[in-house]
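Peer 1:
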Amino acid sequence: MTNFGKLNLLGILLLPVAATLAALIVFGDRTDTLVTVFSLNLVPMLIAGLVSALLLRGANRAGKGQRIAVWPTAIPAVLGAIWYLFRAVFPAEVAPGAEYIAGPQYILMGVIVLSVVAWIGCLIARRL
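Under the working numbering, the residues of the sequence shown are numbered 4 to 131, in order.
And the structure:
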């Protein structure tokens, strides 16, 4: 496994773990809530990881575009983790915890957009 493959796996697990840690801070030790938050955030990251793995497979053959190939996993994982941990420390006054339900939907949309951008970027990188 390449370093980019390891980065892809790390990105897949980073967001659900960070979201679960933030939910632990906000909601306390509620097993059902923590499992739900972890599962909701794992779904978009598994999709992102699959897309990144397919892009990495094509990039490894050509040798170019490996950094672009991990964008669908790395960018949402880092930004989502920062957002969840920020909201754990500074919760919203109106509806604290609403981002744990709405967040994965927005992350999934970001994953789809980044997947298309990374696919186009990998195509361009391999042709150069």
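For glycine and all other residues, C-beta sits at the position ideal for the given N, C-alpha and C.
Treat the numbers as computed from the prediction; the structure is a model and nothing was measured.
1. Going by C-alpha distance, which of L16, W86, D32 and I71 is nearest L201?
2. Between the beta-carbon of A22 and the beta-carbon of Y109, is there less than 8 Å?
3. Do you know offhand how far A95's Cα is from P75's?
4. Looking only at its chain, what residues have a beta carbon closer than 7 Å to the beta carbon of V29, apart from the 5 residues adjacent to it on each side?
5. If you run the structure through DSSP and keep just helix, strand and coil, what is V97?
6. With L27 and L37 assumed to form a contact (beta carbons below 8 Å), what rounded beta-carbon distance in angstroms separates them?
7. How far does the alpha helix (DSSP H) with R130 in it reach, from first residue to last?
Peer 2: Per the coordinate set shown:
1. Since the first residue shown for the chain is 4 and the last is 131, residue 201 is missing from the structure and cannot be characterised.
2. Taking the first residue of the sequence shown as 1, we reach residue 22 at position 19. Taking the first residue of the sequence shown as 1, we reach residue 109 at position 106. No; because the gap between Cβ atoms is not below 8 Å, this pair is not in contact.
3. Working through the sequence shown from its first residue, we reach residue 95 at position 92. Working through the sequence shown from its first residue, we reach residue 75 at position 72. Roughly 27 Å separates the two Cα atoms.
4. For the purposes of this step, residue 29 is identified with residue 26 of the sequence shown, where counting begins at 1. Hits under 7 Å: A91, P94, P99 and G100.
5. Walking along the sequence shown from the start, residue 97 turns up at place 94. V97 carries a coil assignment under DSSP once its states are collapsed to helix, strand and coil.
6. As a position in the sequence shown, residue 27 is number 24, starting the count at 1. As a position in the sequence shown, residue 37 is number 34, starting the count at 1. Confirmed, Cβ separation roughly 6 Å.
7. In the sequence shown, the residue the question calls residue 130 occupies position 127. Residues E102 to R130.
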